[in-house]
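The structure under discussion appears below in the form of structure tokens.
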Amino acid sequence: MPGRLRSSLVRGRSGIWRLVGFSLSVVVLAVTSLAAIPAMIAASGQAAWGSVALGQAIGTIGGVAVGYGWGWFGPARIAQNSATERRIEYIESIKARASLFVPVTAVAATVAYLLASTDPTFAAVGALYTTSIGLTANWYFVGSVRPYTMLSLETLPRAAGTLLGVLLMYQGHSAIAGPLGMFAGMAAGFVFSSMWVMWETKRDGAAAVPTRSLKILLHSNRHGIFSALGSVTYVAAPIAIVSVVAPAVQPAFALADKVKQQIYLTSGPAVTVLQGWVPRGPEEGRIRRANAALLSAGACSIALGFATWALAPTLVSWLGSNQIALTGGVVVLMSALVALIFFQAVLERAVLASFEQLGIVATAILIGSIVGMPVVGFGAHSFGTVGALSGVLLGMSLSVVIELFAFARGRKRVLQRKVLDT
1 MPGRLRSSLV RGRSGIWRLV GFSLSVVVLA VTSLAAIPAM IAASGQAAWG
51 SVALGQAIGT IGGVAVGYGW GWFGPARIAQ NSATERRIEY IESIKARASL
101 FVPVTAVAAT VAYLLASTDP TFAAVGALYT TSIGLTANWY FVGSVRPYTM
151 LSLETLPRAA GTLLGVLLMY QGHSAIAGPL GMFAGMAAGF VFSSMWVMWE
201 TKRDGAAAVP TRSLKILLHS NRHGIFSALG SVTYVAAPIA IVSVVAPAVQ
251 PAFALADKVK QQIYLTSGPA VTVLQGWVPR GPEEGRIRRA NAALLSAGAC
301 SIALGFATWA LAPTLVSWLG SNQIALTGGV VVLMSALVAL IFFQAVLERA
351 VLASFEQLGI VATAILIGSI VGMPVVGFGA HSFGTVGALS GVLLGMSLSV
401 VIELFAFARG RKRVLQRKVL DT
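Taking full-length UniProt numbering as reference, the numbering of the sequence shown is continuous, increasing by one, and the terminal residue is 422.
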């Protein structure tokens, strides 16, 4: 018993340090990103900031397209594979993502430019930055459980680029310096991380093996991209809809959306830990861990929602430079969305992905979008930010209900097989 207890304590401490390491990356990026918002508003005004936010939202979809699902299935592959297989996986990911980066960036920047009602160039540059996030190597570090390597090689360069942009803006440059600095930091992080992966796998004895053709790569990984792209599109599409149907409320909606996303990002390490914990072992064990993950996610979601409700007014006042105000109803809806987004992330990435049910994710989000997006447009036009956020909440809630039913059916099938086998 003492030996088991000692082993459990060691594993517990190790898990805590990993969580702390991944949390540090999230906190550093969140703080620097938040610091850039008032700098952009002060440099060029709230309309320019709204254009940058629009471009970043559209570029987020582009970034997921460039990432091509490696953020969903990549960690499990890295965790299970040898040095040679890890090296091949990373090289193939670069091969696929690099081929997509230029055309996807061009499309995202063009769409952002055309949708922006003011300062379209700012929107295009915002799209450039967030599309480049698809080149991230963080999935490799998650799979190899190296949070502090990720912090050193990718997070800190990205933060430095953001702070450079903030410094330039306070020295008199326009808000475009913000996303340009962020892009420079992302590019540096990509180079440093890729160099380290090549060195690390070679050190561990990776053999030189030819990679698959681009056509085969894109085809074999299509399921991951459909789920990832559908998920992020639902999150990013509302700001584009609001920009078209109700441009007057777009800055307020953009600020509410940004605060919501930044608060949610602070919970990212918990999703990451569960993403690596649930899939381990046989199916029966995965069911127990999936149930535990959903219960803990439900409790954490409630706490996260209340924390958002308490912190949002202060964040909005600071980030909006006292130029943008949000009503109490908007804050309540933001809080509900933060809670639901966290729960859905655990459900999709940690639970459904563990049972190879990613196909239902795309279907659920499609149904939620068909129902929710028209409500976003109508609500924004008729009721402003409250109406738009209500549409987002409606569609996302429907998606979560569908995904929960899918998990319940899958769990029932596994238990029935177990009974038949015995």
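Note that CB positions come from ideal geometry on N, CA and C, so glycine has one too.
(message) Quick check on this structure: which residue in Val414, Ile216, Met40 and Thr327 has the alpha carbon closest to the alpha carbon of Met169?
(response) Restricting attention to Val414, Ile216, Met40 and Thr327, the CA atom closest to the CA of Met169 is found in Met40.
(message) For Val145, report the span of its alpha helix (DSSP H) as first-last.
(response) Counting along the chain, Val145 falls outside any alpha helix (DSSP H), and DSSP gives it neither H nor E.
(request) Leaving aside the five residues before and after Phe190 along the sequence, list all residues of the same chain whose C-beta is less than 6 Å from its C-beta, in chain order. (result) Counting only Cβ-Cβ distances below 6 Å, and skipping sequence neighbours, we find Leu135.
(request) Report buried or exposed for Met334, applying the criterion of at least 16 other Cβ atoms within 10 angstroms of its Cβ. (result) Flag for Met334 reads buried.
(message) Counting C-beta neighbours from all protein chains within 10 Å, is the total for Gln171 16 or more, i.e. buried, or is it exposed?
(response) exposed
(message) Can you check which of these residues, Ser193, Leu167, Ala159 and Gly45, is closest to Ile94 by C-alpha distance?
(response) Ser193
(request) Specify whether the region 151-163 and the region 75-94 touch according to this definition: at least 3 beta carbon pairs, one from each stretch, less than 8 Å apart. (result) no
(request) Determine the DSSP secondary structure at Asn138, reduced to helix, strand or coil. (result) Correct three-state label for Asn138: helix.
(request) For the alpha helix (DSSP H) containing Pro251, list its first residue and its last residue. (result) Counted as a single uninterrupted DSSP element, the alpha helix (DSSP H) harbouring Pro251 occupies residues Gln250 to Leu265.
(message) Check for me: the alpha helix (DSSP H) holding Ile216 runs from which residue to which?
(response) Leu214 to Ser220
(message) Just verifying my parser: in three-state terms, what is the DSSP assignment at Leu333?
(response) helix
(request) Just tell me which of Ile225, Gly143 and Ala159 has its CA closest to the CA of Val197. (result) Among Ile225, Gly143 and Ala159, the Cα nearest to that of Val197 is on Gly143.
(message) Taking only three categories from DSSP, how would you classify Ala35?
(response) It is helical.
(message) My output table needs one value for Arg106: the three-state DSSP class, helix, strand or coil.
(response) Inspection of the sequence shows that residue 106 is occupied by Ala rather than by Arg. Residue state, collapsed to three classes: helix.
(message) Quick check on Ser174: does DSSP put it in helix, strand or coil?
(response) The answer is coil: DSSP assigns Ser174 none of H, G, I, E or B.
(message) Whole angstroms are fine: how far does the CA of Ser99 sit from the CA of Leu319?
(response) Using only the alpha carbons, I get a separation of about 36 Å.
(request) Within its chain, find whatever has a CB closer than 8 Å to the CB of Met1; leave out the 5 residues flanking it on each side and keep chain order. (result) Unreliable positioning characterises Met1 in this predicted model, as indicated by a pLDDT of 48, which lies under 50. A coordinate reading is not provided.
(request) Would you mind giving the Cβ-Cβ distance between Ala175 and Ala48, rounded to the nearest angstrom? I have them listed as a contact below 8 Å. (result) 5 Å
(request) Take the Cβ of Asp119 as the centre, count every other Cβ of all protein chains shown within 10 Å, and call the residue buried at 16 or more, exposed below. (result) buried
(request) With DSSP collapsed to three states, give me the class of Ala207. (result) coil
(request) Tell me whether Gly372 is buried or exposed, calling it buried when 16 or more other Cβ atoms sit within 10 Å of its Cβ. (result) buried
(request) Would you kindly check if the distance between the Cβ of Ala292 and the Cβ of His381 is under 7 Å? (result) Contact flag unset, no.
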